[in-house]
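Report on the structure given below.
Protein chains in written order, with our numbering: chain A, 1 to 142; chain B, 143 to 285.
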């Protein structure tokens with residue numbers, strides 16, 4: 001059941017990305033180009049998503065288990081660290097370079113073309129680099 | 143500031159955003175997990191027993207979405223202006239950055255802001271500022 005709900009959630013998430021325009025890098029860059037011909041559409045994507053997600057998190061915050069009985073795993077981290085800010089800076093720079101963030105890149109793979117594949121492959125490699133560096137840092141701490 | 147009205151799509155963007163919100167709501171209320179794409183995908187590279195299958199199922203849905211979408215209504219045309227080198231550099235930055243920054247547009251942007259997390263608000267403001275800055279440099283200073 002949990003696998004089925006995860007699959008459906010992924011499917012709805014991807015359809016939302018495509019319908020909203022997030023899967024078109026030109027549209028994303030049009031939003032990021034404040035000084036050019038600015039396209040504010042993506043504010044509506046974020047607004048629409050938060051409009052629905054906000055009450056869901058309010059409900060989740062009052063529960064310890066999900067509606068299916070699974071443990072509710074809400075993030076506990078709340079510190080603002082140099083690592084958070086540098087990571088977000090690097091992510092934002094990459095987002096501005098190509099117009100892809102992780103979700104839209106993955107939701108573009110099956111649409112065909114080499115470009116989303118190149119980006120997604122490099123993104124996975126970048127995440128792999130993070131894992132290797134993290135493991136090395138963990139060993140050094142021992 | 144000049145708004146590009148002919149590209150402005152408030153209704154489809156709002157509807158798409160609400161679908162994203164619905165997916166986020168489903169994943170937290172049914173699976174008890176945060177729908178942060180970089181976290182879900184990144185977790186696949188750190189295999190913990192019992193924590194892989196739901197990630198794979200979610201990613202399968204995400205990757206399969208254009209197939210279903212295209213079967214019902216035609217997929218919208220997209221434009222990827224970036225060349226191969228830029229795409230690879232951008233992908234690496236996004237991959238490393240989202241893992242060090244512990245989230246992307248979905249995890250910090252949608253989920254974090256919906257949870258009223260200050261940490262996510264700082265991350266979102268930071269990656270958006272970096273995106274604005276890079277596009278400004280590329281389109282208005284270097285072009």
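Each residue gets a CB set at the ideal place from its N, CA and C atoms; glycine is no exception.
Item                                                                                                                                   : Value
Spatial distance of residue 131 of chain A from residue 157 of chain B (CA atoms)                                                      : 36 Å
Runs of alpha helix (DSSP H) wholly within the region 164-242 of chain B (minimum 4 residues, chain order)                             : 179-185, 195-214 and 226-242
Where the alpha helix (DSSP H) containing residue 3 of chain A begins and where it ends                                                : 2-20
According to DSSP, residues forming a beta bridge with residue 144 of chain B                                                          : A:37
Short CB-CB distance (under 8 Å) between residue 137 of chain A and chain B                                                            : no
Euclidean distance between Cα positions of residue 194 of chain B and residue 229 of chain B                                           : 28 Å
Proximal residues of chain B, C-beta to C-beta of residue 108 of chain A below 8 Å                                                     : 208 and 220
Whole-number beta carbon distance between residue 197 of chain B and residue 186 of chain B, since they are thought to touch under 8 Å : 5 Å
Neighbour list for residue 281 of chain B in chain A, Cβ cutoff strictly below 7 Å                                                     : 33 and 36
The region 232-244 of chain B contacting the region 15-31 of chain A, beta-carbon criterion three pairs below 8 Å                      : no
Straight-line gap, residue 106 of chain A to residue 5 of chain A (C-alpha atoms, nearest Å)                                           : 19 Å
Bridge partner(s) assigned by DSSP for residue 65 of chain A                                                                           : A:71
Contact list for residue 152 of chain A against chain B, beta-carbon separation under 7 Å                                              : Here chain A comprises residues numbered 1 to 142, so residue 152 of chain A is not present and cannot be evaluated.
Residue-level contact to chain B via CB, residue 115 of chain A, 8 Å cutoff                                                            : yes
8 Å Cβ cut-off: residues of chain B touching residue 120 of chain A                                                                    : 233
Residue span of the alpha helix (DSSP H) that contains residue 23 of chain A, given as start and end                                   : Looking at the DSSP string, residue 23 of chain A is not in any alpha helix (DSSP H), and its letter there is neither H nor E.
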